[in-house]
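To convert a position in the sequence shown, counted from 1, into this note's numbering, add 1081.
Here is the structure we will look at.
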Amino acid sequence: MNDTTHLEAKVLVLDQDSEQCRQLSEFCAEAGLLPLLRTAHDALTSLSQHKDLAGVLLAEDMPCDSGDALILAQAIHRQRPELPIILRRTSQRAFSPNEQSAIAYTWSTGDIEQLRTHIGRCIFSLRYPIALVDGIVELTLNALRSMFPNAGVSNESPYVVHDRIIHGEVSTLIPIESTWCRGYMMLQTEESALRQGLIQGFGYAGVGGDLNFRELNNMLGETTNLIWGAFKNRYIPPEAFANQQTQVPIVINHAHKYISFGSPDPQLCIRYQLSDAARPGMSALTIVQRFIFNLHWSPEDFAQFSSKSGSSGSSTGELEFF
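Okay, here's the thing in structure tokens:
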């Protein structure tokens, strides 16, 4: 039960040296990174298009419109300060204070082991037990299939993110606490896609039509509560806390699409796709799930909890609604 899984992570790669790109591609494949190779001209636009990144790999000699990759690094840092920027050095010049604040780590050209160490420190700083990740996916799929019985529900491979950008306009947030963790779970989706899915008949009979945003919020809130109840039954022992209180989702629907939990640690992210087999050409409804263990995280305590409760956890098989 001590086994941890090395999840993947998406990184923006800004390097136009062909040999370095080849080496970085090989390194990313080995290290579990999903590289998005871009030019300096496309870098800031790519940040707007990809809101689930874990970091940026930037070459100091990257050709830029501004003539300086360090200026680009500062622009990226201003736009997404939560993303660690790892710079491949090609000179010996000293950084200015503003440049230094934008760069998380530097590595020397050719020193892949130095890069690997930095990646481990800033991108993969948390490891997640395989049993926990598999269990979360299983109970979430069951909950989504229960709430959306007429939809085909699947999930993408779990990965880690450092971005704090919310997917879509509607989000729910609920506290998660056990003997081995304290933090939050979020569900995020696009309001129009959720409405369209319900119009297509993903939910129960009669749920659909001209739904207002409050009803859509409630739908995602009920889904969140169902997942939380299953998580509580499986992973939170009755003796965990002396004064447990009922927890209800906090619904977030705001314009800036940014939320911070005061922690630089990576977040566990899983994307679920809800599709309609009768309409294969229709776009799938995407629901993004994140776990943020910002208050307490101990894989070792999880392993002890799992060994005591058995491989299936302490689930009673009951569903809880509040």
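Using N, Cα and C, we set each Cβ at its ideal position, and we do this for glycine too.
**Message:** Counting beta carbon pairs with one atom in the segment 1170 to 1185 and one in the segment 1216 to 1232, are three or more of them shorter than 8 Å?
**Reply:** no
**Message:** As a quick exercise: from 1164, 1319 and 1280, pick the residue whose alpha carbon is nearest that of residue 1296.
**Reply:** To locate residue 1296, count along the sequence shown from 1; it is residue 215. Here the closest residue by C-alpha is 1280.
**Message:** In the DSSP output, what is residue 1267 paired with across the bridge?
**Reply:** Translated into the one-based positions of the sequence shown, residue 1267 becomes position 186. DSSP lists 1254 and 1371 as partners of residue 1267.
**Item:** Nearest to residue 1110 (by Cα), restricted to the options 1266, 1163 and 1197
**Value:** On the sequence shown, position 29 is the one that residue 1110 refers to. Ranking 1266, 1163 and 1197 by Cα distance to residue 1110 puts 1197 first.
**Asked** Of all the options 1260, 1314 and 1269, which has the alpha carbon lying nearest to the alpha carbon of residue 1216?
**Response** Here residue 1216 corresponds to residue number 135 of the sequence shown, with the count starting at 1. It is 1314.
**Message:** Can you look up residue 1360 in the DSSP assignment and give me helix, strand or coil?
**Reply:** Taking the sequence shown and counting its residues from 1, the one referred to as residue 1360 is at position 279. DSSP places residue 1360 in coil when its eight states are reduced to three.
**Message:** Just to confirm the assignment, what range does the alpha helix (DSSP H) spanning residue 1091 have?
**Reply:** Against the sequence shown, residue 1091 aligns to sequence position 10. Where residue 1091 is concerned, there is no enclosing alpha helix (DSSP H), although the beta strand (DSSP E) it sits in stretches over 1089 to 1095.
**Request:** Could you tell me which residues DSSP puts in a beta bridge with residue 1218?
**Result:** Here residue 1218 refers to the residue found at position 137 of the sequence shown. According to DSSP, which records beta bridges pairwise, residue 1218 is partnered with nothing at all.
**Message:** When you compare the segment 1269 to 1277 with the segment 1356 to 1371, are there three or more beta-carbon pairs, one atom per stretch, that lie closer than 8 Å?
**Reply:** yes
**Message:** Please give me, in chain order, every unbroken run of the alpha helix (DSSP H) with length at least 4 that falls completely inside the segment 1102 to 1133.
**Reply:** 1121 to 1130
**Request:** Take the Cβ of residue 1179 as the centre, count every other Cβ of all protein chains shown within 10 Å, and call the residue buried at 16 or more, exposed below.
**Result:** Working through the sequence shown from its first residue, we reach residue 1179 at position 98. When all chains shown are included, residue 1179 counts as exposed.
**DSSP three-state assignment for residue 1193, whether helix, strand or coil** = Your numbering for residue 1193 matches position 112 in the sequence shown. If DSSP states are grouped into helix, strand and coil, residue 1193 belongs with the helices.
**Prompt:** In angstroms, rounded to a whole number, what distance separates the CA positions of residue 1106 and residue 1192?
**Reply:** Residue mapping note: residue 1106 aligns to position 25 of the sequence shown, counting from 1. Residue mapping note: residue 1192 aligns to position 111 of the sequence shown, counting from 1. Each residue's Cα considered, the two are about 15 Å apart.
**Prompt:** Thinking C-beta only, is residue 1093 closer than 8 Å to residue 1240?
**Reply:** Taking the sequence shown and counting its residues from 1, one reaches residue 1240 at position 159. Taking the sequence shown and counting its residues from 1, one reaches residue 1093 at position 12. For residue 1240 and residue 1093, no; Cβs fall outside 8 Å.
**Request:** Along the beta strand (DSSP E) that carries residue 1285, what are the first and last residues, could you check?
**Result:** Looking up residue 1285 in the sequence shown gives position 204. Taken as a continuous stretch (DSSP letters only), residue 1285 belongs to no beta strand (DSSP E), as it is neither H nor E.
**Prompt:** Which class does residue 1173 belong to by DSSP, given the choice of helix, strand or coil?
**Reply:** In the sequence shown, the residue the question calls residue 1173 occupies position 92. In this structure, residue 1173 counts as coil in the three-state DSSP scheme.
**Prompt:** In its own chain, which residues sit with a C-beta less than 6 Å from the C-beta of residue 1344, not counting the 5 before and 5 after it?
**Reply:** Within the sequence shown, the letter at position 263 stands for residue 1344. Same-chain partners within the cutoff: 1375.
**Prompt:** Do residue 1232 and residue 1153 have their CB atoms nearer than 8 Å?
**Reply:** Residue mapping note: residue 1232 aligns to position 151 of the sequence shown, counting from 1. Residue mapping note: residue 1153 aligns to position 72 of the sequence shown, counting from 1. The answer is no: Cβ separation not under 8 Å.
**Message:** Once the 5 residues before and after residue 1127 are set aside, which same chain residues still bring their CB inside 7 Å of it?
**Reply:** Reading the sequence shown from its first residue, position 46 is the one you call residue 1127. For residue 1127, where only same-chain residues beyond five positions count, the Cβ hits under 7 Å are 1093, 1117 and 1119.
**Prompt:** Once you ignore the five residues that flank residue 1312 on each side, which residues in its own chain have a CB closer than 7 Å to its CB?
**Reply:** Along the sequence shown, read from residue 1 onward, the residue named residue 1312 stands at position 231. Counting only Cβ-Cβ distances below 7 Å, and skipping sequence neighbours, we find 1220 and 1257.
**Prompt:** For the alpha helix (DSSP H) that contains residue 1183, what are its first and last residues?
**Reply:** One-based indexing of the sequence shown puts residue 1183 at position 102. Where residue 1183 is concerned, the enclosing alpha helix (DSSP H) stretches over 1178 to 1183.
**Request:** Pick helix, strand or coil for residue 1379, following the three-state DSSP scheme.
**Result:** Here residue 1379 refers to the residue found at position 298 of the sequence shown. Of the three classes helix, strand and coil, the one that applies to residue 1379 here is coil, per DSSP.
**Where residue 1309 falls: helix, strand or coil (DSSP)** = Within the sequence shown, residue 1309 is the residue found at index 228, counting from 1. Helix.
**Message:** Buried or exposed, going by whether 16 or more other CB atoms sit within 10 Å of the CB of residue 1160?
**Reply:** On the sequence shown, position 79 is the one that residue 1160 refers to. Exposed.
**Message:** Applying the 10 Å Cβ sphere with the 16-neighbour rule, what's the burial state of residue 1033?
**Reply:** The requested residue 1033 does not occur in the structure, where the chain is confined to residues 1082 to 1403.
**Residues near residue 1142 by beta carbon distance below 6 Å, same chain, minus five either side** = Residue numbering aside, residue 1142 sits at position 61 when the sequence shown is read from its first letter. Contacts found: 1171.
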